[in-house]
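Just so we're aligned, residue 178 is where the sequence shown starts under the numbering used here, counting upward by one.
Take a look at the structure below.
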Amino acid sequence: MLRMWKKGVLLIMREKRTFIIFTLIYTILIFLTSLFLDYSIGGNFGGISGVLVLIFLFTSLVLSLLYAWILVSRKRRDWATLKCIGYTNANIITIVSGIILFTTLMGLFIVIEVLFHYTAIFTYLDTVPIPTGLQPVLIGLLPVITTTILFIAVQILSIALIYRKVLKVRPMIALKRVGE
């Protein structure tokens, strides 16, 4: 399974533009979900921040389905070729899931990196006599971990929903001429 995920990562690195766009979208969604989840935990979940968390999770599901659909549709000939040489539907869905989870985890690592740098900078500025008025920790660890678990669950749900599209890819597509 890890070998298939590695193949998925290598495949998506060929399409850097799609990968970068969806990584940035996931980064923004993960950051905003963590931020508003932190606000919700501090106050009450029924407020506007709780509604925004649900909206961001739904947006993540829709974008994940769109990303999986784009992957399956644009690489239809590649998936058909892999089926011709003996890959099963489970192998192909493992590759697609590796691509989707890798993109999500890259977005998560970017968010964690930004939060670490934010905390380091403002903790340093607290030692220097420069008044900033900002809190040194922007988002706590619990909202980031909760958001990570929720986003991975949403990605797994979208992978399960896209499985039917992978089943429809026929090996004959790989054997047709390009112009037809």
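A virtual CB, placed ideally from N, CA and C, is assigned to each residue, including glycine.
Bear in mind that the values here come from a model prediction, so they are computed numbers and not experimental data.
Here's a check: name, in chain order, each residue in its chain whose Cβ is nearer than 8 angstroms to the Cβ of residue i, leaving out the five neighbours to either side.
i: Leu242; result: Ser335, Leu338, Ile339
i: Leu344; result: Asn266
i: Gly185; result: Thr271, Ile272, Val273, Ser274, Gly275, Ile276, Phe279
i: Met190; result: Phe196
i: Gly220; result: Ser226
With respect to the alpha helix (DSSP H) encompassing residue i, which residues constitute its N-terminal and C-terminal limits?
i: Gly219; result: 193-219
i: Arg251; result: 225-251
i: Gln312; result: Gln312 -> no alpha helix (DSSP H), and no H or E assigned at all.
i: Pro320; result: 318-344
i: Tyr301; result: 266-304
Using CA atoms only, rank isn't needed, just tell me which of the options is closest to residue i.
i: Leu201; options: Ile287, Ile270, Thr304; result: Ile287
i: Tyr194; options: Glu290, Tyr244, Asp303; result: The question names Tyr, but residue 194 is Arg in the sequence shown. Residue Tyr244 is the option with its Cα nearest to Arg194.
i: Tyr203; options: His294, Leu285, Gly275; result: Leu285
i: Met181; options: Val291, Asn268, Ile247, Pro306; result: Asn268
i: Leu188; options: Arg251, Gly219, Val239, Tyr295; result: Arg251
Could you pull out every residue in the same chain whose Cβ sits closer than 7 angstroms to the Cβ of residue i, ignoring the five residues on either side in sequence?
i: Thr324; result: Ile207, Thr210, Ser211, Leu214
i: Arg347; result: Ala257
i: Gln332; result: Ser241, Ile277, Leu278, Thr281
i: Ser237; result: Leu206, Phe328, Val331
Express the C-alpha separation of residue j and residue i in angstroms, rounding to a whole number.
i: Ile225; j: Leu327; result: 19 angstroms
i: Gly317; j: Ser217; result: 12 angstroms
i: Val249; j: Asp303; result: 50 angstroms
i: Asn266; j: Pro313; result: 48 angstroms
i: Leu229; j: Leu292; result: 20 angstroms
i: Gly263; j: Asp255; result: 13 angstroms
i: Ile232; j: Lys353; result: 43 angstroms
i: Arg341; j: Trp246; result: 11 angstroms
i: Lys183; j: Glu192; result: 15 angstroms
i: Arg253; j: Leu179; result: 22 angstroms
i: Phe299; j: Ile289; result: 15 angstroms
i: Thr296; j: Leu259; result: 46 angstroms
i: Leu315; j: Ile307; result: 18 angstroms
i: Val239; j: Gly227; result: 19 angstroms
i: Val305; j: Leu319; result: 29 angstroms
i: His294; j: Leu311; result: 14 angstroms
i: Phe235; j: Val321; result: 17 angstroms
i: Tyr301; j: Ile198; result: 33 angstroms
Who are the near neighbours of residue i in its chain, counting only those whose CB is closer than 6 angstroms to its CB and skipping five residues on each side?
i: Met283; result: Thr200
State yes or no: is the C-beta of residue i nearer than 8 angstroms to some heavy atom of the ligand ATP?
i: Leu187; result: The ligand ATP is not part of this structure, which contains no ligands at all.
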